[in-house]
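Take a look at the structure set out below.
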Amino acid sequence: MKYCKLRGLFYIVILVAGVCLAACGSHSGKRLQGPPESIDDLRQARLGTWTESGEEYYLEKLFPEAKFVRLDYLSDLVQNLLIGKVDAIMIQRIMADILIKEGMAIDYFPDTLCSVPDVYAFTVSERGRILQQQVNEYVAAIDADGTLDSLKRKWLEGEENDRVFTRAESSGENGTIVIGSSVESVPYSYIKNGEATGYEIEILDRFCAAYGYKYKLITSEFDAMIASLSAGKIDIAASYIEDVPGRDDNVLFSIPIEEGCCVMVYRTGQAVGGGFLRSLGRKVRATLIDEDRWKMIAGGIGVTLVITLLASVFGTLLGFVVYLLYHEKHAALNRIIDTSVRFLQGLPDLILLMFFYYAVFGNVDISGTIVAVIVFALILSVSVFIMLKSGSESIPKGQTEAALALGFTERRTFLKFILPQVVTVFFPTYQNKLVDLMLSTSVVGYIAVQDLTRVGDLIRSRTFDAFVPLIIASLIYFLISWLIIKGMDLLLKRIDTRNRKPEQILKGVK
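Under this note's numbering, the first residue of the sequence shown carries the number 436, and numbering increases by one thereafter.
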């Protein structure tokens, strides 16, 4: 009878889940069976759009009955379009032309649906207002003398081979400004041959030379760039930022440097031929060989390894020191440690990372890599502390009493007899924590660090291929995890108490 009731409950849960999925599917938009013949065919279709973009703002007004799929990257929009997860996307005509030239199986309706101004963003501060005024003056000046039109022809109308970033020399007598960009929007700001380039970047480079500024360019996720701007970490944001109503409450905008014409792009279903292997070969070449992108991947691996290694060393030492303090059994200190441990345990890694970068070190000129090391060292130290505490409590008290009777001090007893046993028992857990630490570093792109994951995103934004960069990143993460586990296995063999000789154990006993 009890089994029948459980089975009945299981069927009810499945039925409710099916109803919920059906309800969700009923609002999923009208799926097109082929390429649309007109824009009217898209009124109730599934439309892809950038999150919090000007395209999203106007798309919701133009197609109120459509189902919207919001994504963060142009490469993700293109991939979802090509595999049929969305029926159309609205992007700039310039970007659509670039995608078509690169062989994407797409086309677009010639009608311009809306125009969105491309602007720079500044912090709401005295310094931000000064820079806003100076940039506005400079853009107006080069617009008047024809320089802006020349730059538009080179970057927005020319071929990729013609898009050469000519750097200007600056005296730097007026100091240094920090420019932030996600470098994911060809041809406005993107990575080429391992360096940031594009229409927006060259304008700012010339501006800095004209007004006597040196500049430092920081690349990060778009959301992190906006957070950096609000926190004062950067002075100017240049990443195809669109001036739409309601956005000027928290930042300052420049006058437009370009009026982008938005068009509706759809899949034609006629992909470039060549077979699977030839297509895979092109993708691998685009990911690794073209523009020496393997160097970017190597740099990303180096950043990931540096953060993992330093955080592992400092986190382990910090957790050990905190436990030694806890072992002294001072009531007030122990309450502080317990509270701190519970607090750190209750926060997601990304939230903690951004809190330290934007709040704790908000007014400090410190690199994102150092902040990442500090945060992940704290996270690991909590795990090390908990392992030591739980392991010590699991060892019979008779061992401690026996060691004290032999003349050992309490601290020496812990280090010589208790700790080796705790390490042996919890070492597999510690191994897993190190692997988890390494994998968790994949979020450091949110604080302007170009690790392996962030580099993969940048490559995807150039190649518009998700498969090869993700496979390569997965294989590299797997290899690093395997090396960590193998290295820790060798270390365990050296410290395992079962491998110690009797004379080593009794050394120091009188």
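Glycine included, C-beta positions come from ideal geometry on N, C-alpha and C.
Through-space distance from residue j to residue i, alpha-carbon basis
i: L467; j: L494; result: 18 angstroms
i: E487; j: A673; result: 16 angstroms
i: F642; j: T582; result: 12 angstroms
i: R720; j: P904; result: 11 angstroms
i: I565; j: Y675; result: 21 angstroms
i: V870; j: I919; result: 7 angstroms
i: L534; j: E694; result: 19 angstroms
i: Y793; j: I529; result: 35 angstroms
i: D542; j: L779; result: 50 angstroms
i: L548; j: Q527; result: 10 angstroms
i: L715; j: A901; result: 12 angstroms
i: L477; j: Y701; result: 10 angstroms
i: L639; j: I626; result: 16 angstroms
i: D532; j: G610; result: 39 angstroms
i: I736; j: T804; result: 13 angstroms
i: K536; j: D578; result: 29 angstroms
i: G538; j: L927; result: 53 angstroms
i: I906; j: A733; result: 15 angstroms
i: I671; j: E637; result: 14 angstroms
Cut-off 8 angstroms between Cβ atoms - residues of its own chain near residue i, not counting five sequence neighbours on either side
i: W729; result: L723
i: L506; result: G483, T484, W485, T486, L512, N515
i: D658; result: D507, Y881
i: V417; result: Residue 417 cannot be examined here, being either before or after the span of the chain that is shown, 436 to 945.
i: H462; result: Note that H462 has pLDDT 42, beneath the 50 cutoff, so the model's placement of it is unreliable and the number below is only indicative. Result list for H462: K502, in chain order.
i: M873; result: T739, T743, Y912, I915, S916, I919
i: I772; result: V757, L760, Y761, F820
Range of the contiguous alpha helix (DSSP H) that encloses residue i
i: Y958; result: What the structure shows of the chain is the stretch from 436 to 945, and residue 958 is not part of that stretch, so it cannot be assessed.
i: G891; result: 887 to 898
i: S617; result: Element bounds for S617: n/a, residue is neither H nor E.
i: E770; result: Reading the sequence as shown, one finds Arg at residue 770 and not Glu. It spans 766 to 780 - the alpha helix (DSSP H) in which R770 sits, taken as one unbroken run.
i: I676; result: Per DSSP, I676 belongs to no alpha helix (DSSP H); it is in the beta strand (DSSP E), 671 to 677.
Reduced DSSP category for residue i - H, G, I as helix; E, B as strand; rest coil
i: K649; result: strand
i: R728; result: helix
i: S550; result: strand
i: L456; result: Residue placement at L456 cannot be trusted, given a pLDDT of 44 that sits under 50; the coordinates are not used to answer.
i: V504; result: strand
i: F600; result: coil
i: V707; result: Residue confidence is low: V707 scores 48 on pLDDT, short of 50, so the model does not pin down where it sits. Its coordinate-derived value is still stated next. V707 falls in the coil class under three-state DSSP.
i: F498; result: coil
i: S624; result: strand
i: A901; result: coil
i: F862; result: helix
Nonlocal neighbours in the same chain, by C-beta distance under 6 angstroms from residue i, ignoring five residues either side
i: M525; result: E490, L494, C697, M699
i: V679; result: G489, Y492
i: N515; result: G483, V521
i: F791; result: V806, V810
i: S877; result: T888
i: G607; result: K649
i: N628; result: E726
i: G891; result: P904, A908
i: S510; result: R895, S896, F899
i: S620; result: Y675
Residues of its chain near residue i, where Cβ-Cβ distance is below 7 angstroms and the 5 sequence neighbours each way are ignored
i: S689; result: V554, Y555, Q567, V570, N571, V574
i: S605; result: C643, A644, G647, Y648, K649
i: L768; result: L760
i: F796; result: V806
i: A631; result: S616, V618, S624, L652, T654
i: Y758; result: F820, L823, K824
Beta strand (DSSP E) segment containing residue i, residue limits
i: T484; result: 481 to 485
i: M539; result: Taken as a continuous stretch (DSSP letters only), M539 belongs to no beta strand (DSSP E), as it is neither H nor E.
i: A523; result: 523 to 527
i: R564; result: Where R564 is concerned, there is no enclosing beta strand (DSSP E), although the alpha helix (DSSP H) it sits in stretches over 561 to 579.
i: V698; result: 693 to 702
Point to revise | Contact between the stretch 594 to 601 and the stretch 652 to 669 (3+ Cβ pairs under 8 angstroms) | key: no
Review point. Within the chosen definition, does the stretch 910 to 918 reach the stretch 856 to 863 through at least 3 CB pairs nearer than 8 angstroms?
Key: no
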